[in-house]
Amino acid sequence: MECEPAVYRFVIRRLMLAALTMFVVSVLTFFMLRLIPGDIVDLMLSDFGYAADRDAILRELGLHRPFYVQFGEWFGGLFVGDLGQSLWTGNTVTHELGRRYPVTLELSLIALVVSIVLSIPIGIITAVRQDTWVDYALRSVSIGLVAVPILWIGTLVVTLPALFFGWAPPLSYVPFTEDPIKNLSVMALPGIIVGIPLMGGTIRMTRAMLLEVVRQDYIRTAWAKGLQPQTIWYRHAVRNALIPVLTLIGLQIPFLLGGTVIIEQIFNLPGMGIYMLQSLQNRDYVPAQTIILTFAGATVLINLIVDLLYGVLDPRIKYT
Amino acid sequence: MAVESTRPQGAPAAARLPRRAGGGFIGLVTRLFTEKPLGAVGAVIVMIMLLMAVFANWIAPYPYDEPHFSDSLQGSSLSYFLGTDFIGRDLFSRLVHGARVSIVVALGSVTLGSILAGLIGITSGYMGGKFDTLMQRLVDAWMSVPPLLLLLFVMSILGPSTLNVTLVLGLVAIRESRVLRGAVLALKEQPFVEAARVNGATTLRILIRHVLPNVMVPIIILASLRLGQVILIEASLSFLGYGVPPPFPSWGRMLSSESRTYMEIAPWLAIWPGVFLSLTVFGWNVLGDALRDLLDPRMRGTGGGYRSGS
Chain A
1236 MECEPAVYRF VIRRLMLAAL TMFVVSVLTF FMLRLIPGDI VDLMLSDFGY
1286 AADRDAILRE LGLHRPFYVQ FGEWFGGLFV GDLGQSLWTG NTVTHELGRR
1336 YPVTLELSLI ALVVSIVLSI PIGIITAVRQ DTWVDYALRS VSIGLVAVPI
1386 LWIGTLVVTL PALFFGWAPP LSYVPFTEDP IKNLSVMALP GIIVGIPLMG
1436 GTIRMTRAML LEVVRQDYIR TAWAKGLQPQ TIWYRHAVRN ALIPVLTLIG
1486 LQIPFLLGGT VIIEQIFNLP GMGIYMLQSL QNRDYVPAQT IILTFAGATV
1536 LINLIVDLLY GVLDPRIKYT
Chain B
49 MAVESTRPQG APAAARLPRR AGGGFIGLVT RLFTEKPLGA VGAVIVMIML
99 LMAVFANWIA PYPYDEPHFS DSLQGSSLSY FLGTDFIGRD LFSRLVHGAR
149 VSIVVALGSV TLGSILAGLI GITSGYMGGK FDTLMQRLVD AWMSVPPLLL
199 LLFVMSILGP STLNVTLVLG LVAIRESRVL RGAVLALKEQ PFVEAARVNG
249 ATTLRILIRH VLPNVMVPII ILASLRLGQV ILIEASLSFL GYGVPPPFPS
299 WGRMLSSESR TYMEIAPWLA IWPGVFLSLT VFGWNVLGDA LRDLLDPRMR
349 GTGGGYRSGS
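Taken in order, these protein sequences are the chains called A and B.
Sequential numbering of the first sequence, starting at 1236, is according to our numbering.
Sequential numbering of the second sequence, starting at 49, is according to our numbering.
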């Protein structure tokens, strides 16, 4: 493999770009939040009487120091695994996130798996049966799916079954390690709901790419050779059509993560999204900033992996 | 971006196709209704929503915030078309006024967003060099964070208000400045731009007189594709309590947890806001798609396709 050094160079360049992106995200969020530094102090002063006056609270929280010192402390800490402390509870963010990230991760995985497993076959069917009623029906459904907001499906699923069937989806979270079956019975529905809006895009992309591929010369050659239609579709066409779909899935990650915030709120799941909302409500800067940084990191990493997979799946692609 | 480094740039989106049939607005509408039936359905839905928004005061039988305590949580009836909520406000009136809130926020933020994306995309693409590099790293950073989270963050700093939501939702367009930048990169090499430069036109003049008119079509297409997305994000923000504040009726907030307690006894409260919201988003989505296909089919796959609002 003579192209390997190029791959390494590509990975290193992309990793450096990723680090730069993360740095920009952290600078932006850090300084955006500190545009109004008084908020949490006022909250603490009025609600709980933590200290006699503003200055004392500022001093106790370390907020009296210049911005760049605070930023340096927080950013430097990230490198040694110290994600900072919650200003309210004093608990480290590492500790808080450690309890919560499995929920969001599980939701995202369920959503991703469900949307891929359902939408790629549907996309293939619509392409193979192009311009038949099957195609029209499935495509209409896929267009409709994108327009239906997660917050509505979630609300309907939580409220209506109780009314009509006297059954309500379970709303008390159980960790996977404690009781896998109970955990899945709680997480399956919200996971699927987060996956639904992703499906529309994937179905359309799969169909469009497949129809583009089947017009290529090598597919015509395959037909001319007298291969079985199944062989042509699944061995030659689908494999090549799915490569660009991978990129789309990479680009969907930020929207998927945004969806988990809403669904955690509806289904009362103790994930990162709910934590983010709570910390925003309390003007607790550090956790909010760390969660945004974590989500950005996940997105950047997954897109890097997608780009690398691209090269593995399609040898024509050269890294530069 | 993922595709950029591994695949060659697509055809310049700005290059226009020869027009078939009559040009202009009338021609476009005719083609929409003859060639794109689904897009026409979208256009009709959008028109109905726009009319509802404009004439909300005449269409809605009651003011949106008028409580009728004795009639709370009633189902559909002649006096309350779609039922009432927990303090007896007419749901239909609130939904009609919700259309106004939703459309005003969406149109305002999409206009702002187009200007923002245009500014970033055009200057970044045309200037190149260090400025381009710096802007693109900022756009990278923006694109790596879930838009809903970043907007939540900004809204929690600014505080919920209709104006703030409109301003903040304009930021959604930053993602699309990439498409415009790509178009400008291709335009920059065109002979007519070079000719203008040789003639001594200033950069500002070239950008406004020669570059901008040639990226207007992609800007319009991106704007129409973004409308559905922006409406969804507004609903999500309002749902989470960071969007349009009470007493203004927002479809998203009508579905939020504060009213969820009543939904089990009054399911219409859970159903109708969602129906209005979904229909509007569906309408804008299919209309945007049809417009893209009619105005510039080469933009398929650049910024199009349906995106979820979260």
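We put the CB at the ideal spot given by N, CA and C, even for glycine.
Enclosing alpha helix (DSSP H) for residue i [first to last residue]
i	result
Gly322 of chain B	Trp316 to Leu343
His258 of chain B	No alpha helix (DSSP H) contains His258 of chain B, which DSSP labels as neither H nor E.
Thr210 of chain B	Thr210 to Leu217
Arg1364 of chain A	Neither: Arg1364 of chain A is in no alpha helix (DSSP H) and is coded neither H nor E.
Lys1417 of chain A	Pro1415 to Val1448
Gln1516 of chain A	Met1507 to Gln1516
Asn105 of chain B	Ala104 to Ile107
Val1521 of chain A	Tyr1520 to Leu1548
Lys236 of chain B	Ser225 to Lys236
Asn1475 of chain A	Arg1474 to Phe1502
Asp1452 of chain A	Asp1452 to Ala1459
Ser204 of chain B	Pro195 to Leu206
Arg245 of chain B	Pro239 to Val246
Arg1385 of chain A	Going by the sequence as given, residue 1385 of chain A is Ile instead of Arg. Run containing Ile1385 of chain A: Ile1385 to Phe1399, per the alpha helix (DSSP H) assignment.
Gly301 of chain B	Note on residue identity: the sequence assigns Arg, not Gly, to residue 301 of chain B. Residues Trp299 to Met302.
Gly72 of chain B	Gly72 to Glu83
Val1304 of chain A	Phe1302 to Phe1314
Whole-angstrom C-beta distance between residue j and residue i, which should lie under 8 Å
i	j	result
Pro1425 of chain A	Leu1504 of chain A	6 Å
Gly218 of chain B	Leu255 of chain B	At roughly 21 Å, the Cβ-Cβ gap does not stay under 8 Å, so Gly218 of chain B and Leu255 of chain B are not in contact.
Pro194 of chain B	Phe1530 of chain A	6 Å
Phe103 of chain B	Ala1382 of chain A	Actually they do not touch by this definition, with Cβ atoms about 24 Å apart.
Ala318 of chain B	Leu1318 of chain A	Ala318 of chain B to Leu1318 of chain A, Cβ: 38 Å. No contact.
Val1541 of chain A	Gly1493 of chain A	The Cβ separation is near 19 Å, so there is no contact.
Ile1385 of chain A	Ile1509 of chain A	No, Ile1385 of chain A and Ile1509 of chain A are not in contact; Cβ-Cβ is about 15 Å, not under 8 Å.
Ala1346 of chain A	Gly1430 of chain A	4 Å
Leu80 of chain B	Gly87 of chain B	5 Å
Leu130 of chain B	Trp320 of chain B	5 Å
Leu1380 of chain A	Pro1432 of chain A	6 Å
Ser1321 of chain A	Val1521 of chain A	6 Å
Per-residue contacts from residue i into chain B (C-beta, under 7 Å)
i	result
Val1535 of chain A	Ser192
Ile1345 of chain A	Per Cβ cutoff of 7 Å: no residues; Ile1345 of chain A is ~16 Å from chain B at best.
Leu1217 of chain A	Since the first residue of chain A shown is 1236 and the last is 1555, residue 1217 of chain A is not available in this structure.
Gly1493 of chain A	Pro194, Pro195, Leu196, Leu197 and Ser358
Under 9 Å between C-beta atoms of residue i and residue j
i	j	result
Ser307 of chain B	Ser225 of chain B	no
Asp337 of chain B	Leu270 of chain B	no
Ile1369 of chain A	Ile1360 of chain A	In the sequence under discussion, the amino acid at residue 1369 of chain A is Val, which differs from the Ile named in the question. For Val1369 of chain A and Ile1360 of chain A, yes; Cβs fall inside 9 Å.
Gly1506 of chain A	Val1349 of chain A	no
Leu1491 of chain A	Ser1343 of chain A	yes
Val334 of chain B	Val89 of chain B	yes
Ala221 of chain B	Leu303 of chain B	no
Glu312 of chain B	Thr1327 of chain A	no
Ala1397 of chain A	Ala1476 of chain A	no
Pro1479 of chain A	Met1444 of chain A	yes
Ile279 of chain B	Thr328 of chain B	yes
Val1260 of chain A	Leu1528 of chain A	yes
Ala332 of chain B	Gly291 of chain B	The amino acid at residue 332 of chain B is misidentified as Ala; the sequence shows Trp. Contact flag unset, no.
Leu196 of chain B	Ser284 of chain B	yes
Pro109 of chain B	Ser141 of chain B	yes
Thr210 of chain B	Val158 of chain B	no
Leu288 of chain B	Leu200 of chain B	yes
Val232 of chain B	Gly169 of chain B	yes
Leu182 of chain B	Trp190 of chain B	no
Chain B residues whose Cβ lies nearer than 8 Å to that of residue i
i	result
Leu1391 of chain A	Ala318, Ile319 and Gly322
Ala1531 of chain A	Ala189, Ser192 and Val193
Residues bridged to residue i (per DSSP)
i	result
Thr251 of chain B	According to DSSP, Thr251 of chain B bridges with nothing at all.
Gln184 of chain B	Note: Gln184 of chain B sits in no beta bridge, so no partner.
Thr132 of chain B	B:Asp138
Gln1320 of chain A	A:Thr1327
Listed by chain order, chain A residues near residue i by CB distance under 9 Å
i	result
Ala88 of chain B	In chain order: nothing, as chain A lies at least about 14 Å away.
Asn212 of chain B	By Cβ distance, chain A contributes nothing, its closest Cβ being about 13 Å from Asn212 of chain B, past 9 Å.
Phe330 of chain B	Ile1378, Gly1379, Val1381, Ala1382 and Val1383
Gly276 of chain B	Val1381 and Ala1382
Ser326 of chain B	Gly1379, Ala1382, Val1383, Pro1384 and Trp1387
Chain-ordered chain A contacts of residue i [CB-CB under 7 Å]
i	result
Leu280 of chain B	Pro1384
Val334 of chain B	Ile1378
Closer than 8 Å at the beta carbon, the chain A residues around residue i
i	result
Ser298 of chain B	Here the premise fails: no neighbours, minimum Cβ distance about 12 Å.
Within chain B, partners of residue i - CB distance below 9 Å
i	result
Ala1254 of chain A	The premise fails here: Ala1254 of chain A is roughly 11 Å from chain B at the closest Cβ pair, so nothing lies under 9 Å.
Ile1527 of chain A	Val193, Pro194, Leu197, Leu198 and Phe201
Thr1264 of chain A	Val193, Leu198 and Phe201
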